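Add 279 to a position in the sequence shown, counting from 1, and you land on the number used in this note's numbering. A quick write-up on the structure given underneath.
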Amino acid sequence: MTEFPEPRGGESDPGRLFARYLDFYRETVVRKAESLSDDDLRRSRLPSGWTPVELVSHLAHMERRWFVWGFLGEDVDDPWGEARDDRWHVPDDVPLDVPVAMLREVGRRTTDLLATHALDEPAPPGPRFDDEPPTLSWICFHVLQEYARHAGHLDIAVELAGGAVGE
């Protein structure tokens, strides 16, 4: 289990702090999703209709969209690949392992990126951003809040399925 990044006296690198928080939330989402049965992974318990496996897929695509496609400017096959007909979608024959592997792989890319780029560095203009692209720090804050928000959503879905409550 990835431990919550409690304050440590010597940790002052903001990029490293972002990486630790993103690791924590990423692994929290994985742990919560893996605690569910396959039926519960694919059952929506909320009016919006999303399922836990779709949420994991969304987070993997979201992080790749912001860091790999947006900040690094790399070509990404189907950057909005988690969406179909204006909602999240994962085919029934795709096991949870697939979006989890993608989530962890993009997480490794993000950690490497944060170790090699300054937070005040702007993303390049390109297919993701126009002529006023955000800085890496802005992207980090955005992605971190997406993870925190969706981890909370997943907490609710897991609790409604009768699963464990809390981190």
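Don't be surprised by glycine CBs; every beta carbon is placed ideally from N, CA and C. A quick note: this is a predicted structure, and the numbers were derived from the prediction, not measured.
Do you know how far the Cα of Asp399 is from the Cα of Trp417? Asp399 has its alpha-carbon roughly 9 Å from the corresponding atom of Trp417.
Which value, in whole angstroms, describes the spacing of the CA atoms of Glu313 and Leu334? Between the C-alpha atoms of Glu313 and Leu334 there is a straight-line separation of about 13 Å.
How many angstroms separate the CA atom of Asp365 from the CA atom of Ala380? The alpha-carbon atoms of Asp365 and Ala380 are separated by roughly 24 Å.
Tell me the DSSP secondary structure of Ala362 in three-state form. Collapsing the DSSP output to three states places Ala362 in a strand.
Please return the same chain residues whose Cβ sits closer than 7 Å to the Cβ of Gly349, not counting the five positions on each side in sequence. Closer than 7 Å at the Cβ level, and outside the excluded window around Gly349, lie Ala402, Arg407, Phe408 and Ile418.
Residue range of the alpha helix (DSSP H) that Phe303 falls in? Boundaries of the alpha helix (DSSP H) around Phe303: Pro293 to Glu313.
Span separating the alpha-carbon of Met341 from that of Trp359: Straight-line measurement puts the Cα of Trp359 at about 8 Å from the Cα of Met341.
Apply the 10 Å Cβ neighbour rule to Asp356 and answer buried if 16 or more other Cβ atoms are within range, or exposed otherwise. With fewer than 16 other Cβ atoms within 10 Å, it is exposed.
Which residue or residues does DSSP assign as beta-bridge partners of Thr414? Thr414 is bridged to Pro401.
Going residue by residue through the segment 332 to 383, where are the continuous alpha helix (DSSP H) segments of at least 4 residues, counting only ones entirely within it? Counting only runs of 4 or more residues that sit fully inside the segment 332 to 383, no alpha helix (DSSP H) segment turns up.
Expressed to the nearest angstrom, what Euclidean distance is found between the alpha-carbon atoms of Val389 and Pro293? Here residue 389 turns out to be Thr, not Val, going by the sequence shown. Note on geometry: alpha-carbon atoms of Thr389 and Pro293 lie some 14 Å from one another.
For Gly386, which three-state DSSP category applies? If DSSP states are grouped into helix, strand and coil, Gly386 belongs with the helices.
Taking the alpha-carbon of Asp317 as reference, which of Phe346, Asp376 and Trp345 has the nearest alpha-carbon? It is Asp376.
Whole-number beta carbon distance between Leu392 and Leu351, since they are thought to touch under 8 Å: Contact holds; Cβ gap of about 7 Å.
Determine the closest residue to Asp302 out of Val385, Pro331 and Asp371, with distance taken between C-alpha atoms. For Asp302, the nearest C-alpha among the options comes from Val385.
Under 7 Å, do Trp345 and Val437 count as touching if we go by C-beta distance? Contact: no.
What does the alpha-carbon distance come out to for the pair Ala394 and Ser336? Spanning the two alpha carbons is a distance of roughly 25 Å.
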